[in-house]
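Every letter in the sequence shown is one number past the one before it in this note's numbering, and letter 179, counting from 1, is 196.
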Amino acid sequence: MTELVTRTLVGIVLILIALGASFLGGWPFALLVAAIATIMYLEWSRIVAGWGFGWKAFGFAYCLLPALSLLWIRERAEYQGIGTGFDLLVWVFLIVWATDIGAYFAGRAIGGPRLAPSISPNKTIAGLTGGVISAGIVAGAWADLVRLPELLLWLAIPFAVIAQVGDLFESGLKRRAGVKDSGTWLPGHGGLLDRLDGLIPVAVLTAAMMMSGAL
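Next up, the structure:
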C-alpha cells in the first residue's frame with residue numbers, strides 16, 4: 018500500500034469520526050474533544066521535553082483553548098443565531114481539510130519556490146496558494162449552502178492562511194526539537210498535532226469572533 022493510499026484511508030476515517038461526533042454533539046463530542054486535547058498535550062510534552070516549565074504551561078493552553086473553542090462553537094452557534102453548531106463546525110473543518118489537501122496536491126504538482134525553507138523545506142508557495150484557493154471554494158460554498166452568515170464566505174480565504182500559519186508554527190517547533198512528527202500512531206500522518214496544527218488557530222479565532230459578537 019502506497020503512502021498516499023494509507024494517508025487517504027486514515028484521513029477518511031478521521032474525517033468520519035469528526036463528523037459523526039460533531040453531528041451527535043453533547044457528551045460524545047465532548048468526550049472526543051477531551052481525548053484529543055489530552056493526546057495533543059502528551060505529544061506536545063514529548064516535543065518540548067527538557068525545554069522548561071514555560072513551554073509545558075504554554076502547551077497546556079495551546080491544547081486546551083482549541084478544545085474549549087470547538088465545544089463553544091458546537092453548543093453556542095445556534096443560540097447566537099449563526100446557524101447550527103454542526104454547520105459551523107463543518108465550515109471550520111472544511112477550511113483546515115481543504116487547505117491541507119489543496120496544499121498537498123498543488124505543492125506536489127507544481128513545486129516551485131519554497132514557502133519557508135528554514136522551517137519546513139517541503140512547503141511551497143504553490144502549495145500555500147492551492148490550499149487557500151481550495152479552502153475559499155469549498156468552505157465558501159458550504160457557508161452559502163447552509164446559509165451561514167455572509168461574513169464567513171469572505172473569511173474562508175484569510176482563515177486558510179491562518180491554518181497554514183498554524184502548520185508552520187508546529188513545523189518550527191518540531192524542527193527545533195529535531196523530530197519529524199509529533200507521533201507515529203497515525204499511519205501516513207504522524208501524530209494528532211501533525212493533523213490538527215491548522216485547526217487550532219482557526220477554531221480559536223472562530224470562537225473568539227462568536228464571543229465578541231463579530232459573527
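From the three backbone atoms N, C-alpha and C, an ideal C-beta is built for every residue, glycine too.
Query, Result
"Closest Cα partner of Q181 within the set R192, L209, T141", "T141"
"Nonlocal neighbours in the same chain, by C-beta distance under 7 angstroms from I118, ignoring five residues either side", "S151"
"C-beta contact flag for P83 and I217 at 9 angstroms", "yes"
"Between the CA atoms of A143 and P130 - distance to the nearest angstrom", "8 angstroms"
"Between the CA atoms of F122 and I56 - distance to the nearest angstrom", "28 angstroms"
"Between the CA atoms of T19 and A231 - distance to the nearest angstrom", "45 angstroms"
"Coil, strand or helix - P130 by DSSP", "coil"
"At least three beta-carbon pairs within less than 8 angstroms, the region 159 to 171 to the region 193 to 208", "no"
"Sub-9 angstroms separation of A115 and L185 beta-carbons", "no"
"C-beta atoms of G195 and A177 nearer than 9 angstroms", "no"
"Pick from G67, I99, S39 that is closest to L88, judged by C-alpha positions", "S39"
"DSSP beta-bridge partners of G207", "L203"
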